[in-house]
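Comments concern the structure below.
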Amino acid sequence: MSEMSAQYARIAVASGRRGVGRLRRGVWLGLALLTVPLAFSEERITRDARIGLIRGLMREIAVSKVPLPRGRKGIRVDPQGKIDQANADTELRNNGMAIKPGMPVEITKITFKSDEIVFEINGGGKKGKKWYQRIQVGVGGATQPIAPETPVLAYGSWITLIFPGKVPELTVPQVKQALASILDFERHSPTVLYSPSVPPEIKEAIKKHQVIVGMDRDAVLSSKGPPERKVREVRDGVEQEDWIYGLPPHVLFVTFDGDKVVAVRQY
């Protein structure tokens, strides 16, 4: 072997050793990466990603793991799922509790801001008066509203997912993981089945995914999930709400008077 050939051989062997070293380092690096959480993309969220999150999370049903406060601020959480507990305690102390732990909740609105995503839960804060409830009639100095004020049957809340910079590209599973310390999206059995206050016939109907008269909204959500449509009408002077499931020719109408089911019609 010539001196030149020997030199090339030594370079090849050295390169092979470095290649093996790089391969080993690559294997150890890969194993190390498996032990750390998957990081969010640093790219700013796109319109398509926002649409994907709205489609995947709007009307999603979960179970609250922690008490959610009333008011417009709600609970704040970072992408690693760490709750701003001091803020949550202040909101609960100042505004009271809207949703107890273990209660089914629904994401009813999603708002994207520069560095945060705001999730409206169960319709958000306390609803204001309807326009006709502000009208008063009377004779002399005595007046009264033409329509009585209906009591608030349930309160909603808010969850704000806060990022250190711009909101990055996100998938639905990543958002659910970030909210996992607050909401349980993997409920396999409705929580109302474990409540001693729920009558046996309602528990049985929930197990069979049926709706019967006397159920409340939580029981219907646990049994059938969110409806395809909701329609409010005033019947005989009483405002009622229909939850509509399915499409023609097989449609289920569930009528609520307040928080209770008063009629179930299957077509």
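So for the sequence shown, the working numbering puts the first residue at 3; every next one is plus one. Beta carbons: idealized from backbone N, C-alpha and C, even for Gly. Remember, predicted model here, so these are calculated numbers, not experimental data.
Arg74 vs Ile164 beta-carbon contact at 8 Å
no
I need the DSSP call for Arg61, collapsed to helix, strand or coil.
coil
Using the C-alpha atoms, what's the distance from Ala221 back to Thr257?
14 Å
Same chain, Cβ closer than 6 Å to Phe187, neighbours up to 5 away in sequence not counted:
Ala64, Lys178
Contact test: Gln212 Cβ vs the ligand SAH heavy atom, cutoff 7 Å
Absence of the ligand SAH is noted for the structure shown, with no ligands found whatsoever.
Go ahead and pull the three-state DSSP assignment for Glu45.
coil
Quick check: what's the CA-CA separation for Lys84 versus Thr162?
12 Å
Quick one: which unbroken alpha helix (DSSP H) runs of 4-plus residues sit fully inside the region 202-228? Chain order, please.
202-209, 219-226
State the DSSP-derived secondary structure class of Tyr163, mapped to helix, strand or coil.
This sequence places Leu at residue 163; Tyr is not what is there. Strand at Leu163.
Looking at Ile109 and Glu171, is the spacing between their C-beta atoms short of 8 Å?
no
On a CA-only basis, which of Thr173, Leu249, Ile184 is nearest Pro103? Give me that one, please.
Ile184
If you follow the alpha helix (DSSP H) that Asp91 is part of, which residue opens it and which one closes it?
87-97
Just the Cα atoms here: how many angstroms apart are Gln242 and Asp261?
10 Å
Under three-state DSSP, which class holds Arg78?
strand
Classify Val213: buried if its beta carbon has 16 or more other beta carbons within 10 angstroms, exposed otherwise.
buried
Between Leu181, Phe255, His211, Lys210, which has its C-alpha nearest Gln82's C-alpha?
Leu181
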